[in-house]
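Numbering (mature numbering (1 follows the signal peptide of the UniProt record, and there is no 0)), first residue to last: 9 to 462.
Don't be surprised by glycine CBs; every beta carbon is placed ideally from N, CA and C.
Values in this document were obtained by computation on a predicted structure and should not be read as measured data.
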Ligand code: PNW
């Protein structure tokens with residue numbers, strides 16, 4: 009009899025969504041075309057020393073002019089679901105005020121092309137490219153941005169309700185609040201106090217609420233909406249009950265500011281005790297908006313922190329990985345496939361989400377040359393396979409995990425790491441804009457076709 013790899017033969021449910029993801033500022037380019045306004049990343053990239061070799065998002069993958077070719081390639085790989093984001097400064101070049109019809113027209117062309125190629129859009133309203141004009145008026149520290157987002161999300165949902173049924177309000181609040189205004193490693197690169205940073209989180213939560221409201225008001229029949237969060241992920245050091253309980257307690261503490269607050273409809277007592285005088289200012293009505301019911305939770309899962317039971321006040325101890333713990337080229341990206349299982353399981357158990365989607369999962373490496381017309385990224389194939397197995401384990405254990413989006417479709421502008429760090433399953437030669445599907449693209453294509461881990 010033929011030898012078959014039974015271990016990897018586990019099938020995914022028939023309606024499980026397999027997709028790929030990307031974001032406007034990372035792939036579109038055309039940063040100053042057709043009336044697009046400046047974004048905080050256009051500005052940040054030009055501050056010396058902020059981004060690897062001063063790389064800018066000006067051209068990126070030139071997807072703005074090549075989307076039809078990109079969707080043809082996607083379709084040829086059997087990819088039928090694509091998560092993209094809308095560039096706010098294309099729609100409102102100044103964040104609010106005058107609407108740029110050319111920006112809306114671009115996305116109309118994008119959605120028409122996707123439809124032609126049989127690809128369904130999952131649209132993120134905000135994936136970090138804040139209009140610089142809003143930053144000039146305080147950015148995420150100010151309620152001006154919240155009001156502007158309310159108008160922007162209404163406009164976008166109304167304009168594309170016919171084309172888009174899956175909406176994501178915001179991508180990874182932590183990255184544009186804490187990293188943008190606290191550590192300053194991401195745009196706009198500010199270093200504010202903890203109190204101010206907590207206020208930026210609060211404003212982001214309000215925008216999430218406005219996004220949900222926009223979809224309920226203008227999304228039309230069958231439209232669904234959720235947040236994409238990069239929750240803090242704990243993985244029990246062993247899967248003994250004591251370590252699992254410790255990991256869960258750490259998870260609840262560490263995710264109190266976003267997922268905990270949304271679920272509770274307020275900042276929890278534990279969270280308020282932890283931040284003390286740095287607690288954000290909350291106005292009456294804020295939490296009615298923030299805690300509007302959503303249809304799913306999106307999770308970006310890349311890595312995790314190992315936690316074990318300990319005789320501490322909290323009952324847990326989080327471990328720092330030794331330097332020789334395996335990782336991708338991004339230092340934060342430790343290879344911890346079990347994060348997929350524990351993040352989705354804890355989210356389901358703690359917050360009771362009825363549906364969870366992995367809206368991003370992938371790995372970045374610097375050196376992935378095309379050799380003889382091929383990129384043999386076995387490391388990425390292994391990464392995807394290992395994480396998918398843990399996703400499958402979660403489903404088997406009753407977690408309502410309904411889909412998975414691989415980050416990313418194509419090598420792109422990896423924020424402060426510029427074009428140096430490649431996350432794509434399709435290689436992009438940024439000098440010539442030639443696309444070459446990597447071995448991992450072929451692998452993922454087979455997975456999608458057979459709906460099992462190969
Ligand atoms: C995500 N971390 O960012 C973003 O949503 C993408 O735009 C990005 O390209 C991708 O992951 C790869 O980096 C993250 O420090 C940035 O843990 C930083 C972290 C996690 C995710």
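Residue nearest to residue i in terms of C-alpha spacing, selected from the options
i           : options               : result
residue 324 : 29, 313 and 331       : 313
residue 265 : 192, 186, 310 and 317 : 186
residue 179 : 199, 64, 226 and 233  : 233
residue 398 : 19, 103 and 263       : 19
residue 279 : 413, 263 and 292      : 263
residue 310 : 327, 352, 447 and 285 : 352
residue 357 : 267, 134 and 89       : 267
residue 192 : 387, 229 and 424      : 424
Close Cβ partners of residue i (< 6 Å) along its chain, the five nearest in sequence each way excluded
i           : result
residue 130 : 91 and 174
residue 46  : 140
residue 136 : 184
residue 456 : 26 and 86
residue 275 : 269
residue 171 : 119
residue 277 : none
residue 317 : 250, 251 and 254
residue 132 : 93, 176 and 179
residue 226 : 165, 166 and 169
residue 60  : 425, 426 and 428
residue 5   : Lying outside 9 to 462, the shown extent of the chain, residue 5 is not represented and no answer is given.
Classification of residue i by the beta-carbon crowding that lies within 10 angstroms, buried from 16 upward
i           : result
residue 106 : exposed
residue 237 : buried
residue 273 : exposed
residue 404 : exposed
residue 431 : buried
residue 256 : buried
residue 201 : exposed
residue 442 : exposed
residue 244 : buried
residue 40  : exposed
residue 380 : exposed
residue 376 : buried
residue 340 : exposed
residue 315 : buried
residue 328 : exposed
residue 219 : buried
Those residues which DSSP pairs with residue i across a bridge
i           : result
residue 179 : 236
residue 431 : Paired residue(s): none; residue 431 is not in a bridge.
residue 413 : 27
residue 131 : 92 and 175
residue 455 : DSSP, once it has assigned bridges, lists no residue as partnering residue 455.
residue 373 : 430
residue 243 : 314
residue 419 : In the DSSP output, where bridge partners are listed per residue, residue 419 has none listed.
residue 445 : 434
residue 368 : 308
Beta-carbon contacts of residue i that lie in its chain and below 7 Å, excluding the five residues immediately before and after
i           : result
residue 303 : 232, 233, 234 and 363
residue 5   : Missing from the structure shown is residue 5; the chain here goes from 9 to 462 and no further.
residue 301 : none
residue 43  : 101, 108, 110 and 111
Cutoff 8 Å; reference residue i; Cβ partners in own chain excluding five residues on either side
i           : result
residue 83  : 125, 126 and 127
residue 159 : 100 and 104
Practice item. Would you list, in sequence order, the uninterrupted alpha helix (DSSP H) runs of no fewer than 4 residues that lie entirely inside the stretch 281-360? Key: 294-298 and 346-359
Review point. At which residue ranges does the stretch 10-70 contain complete alpha helix (DSSP H) runs of 4 or more residues, listed in the order of the chain?
Key: 32-35 and 48-52
Point to revise | Whole alpha helix (DSSP H) elements within the stretch 151-196, 4-residue minimum | key: 151-168 and 181-185
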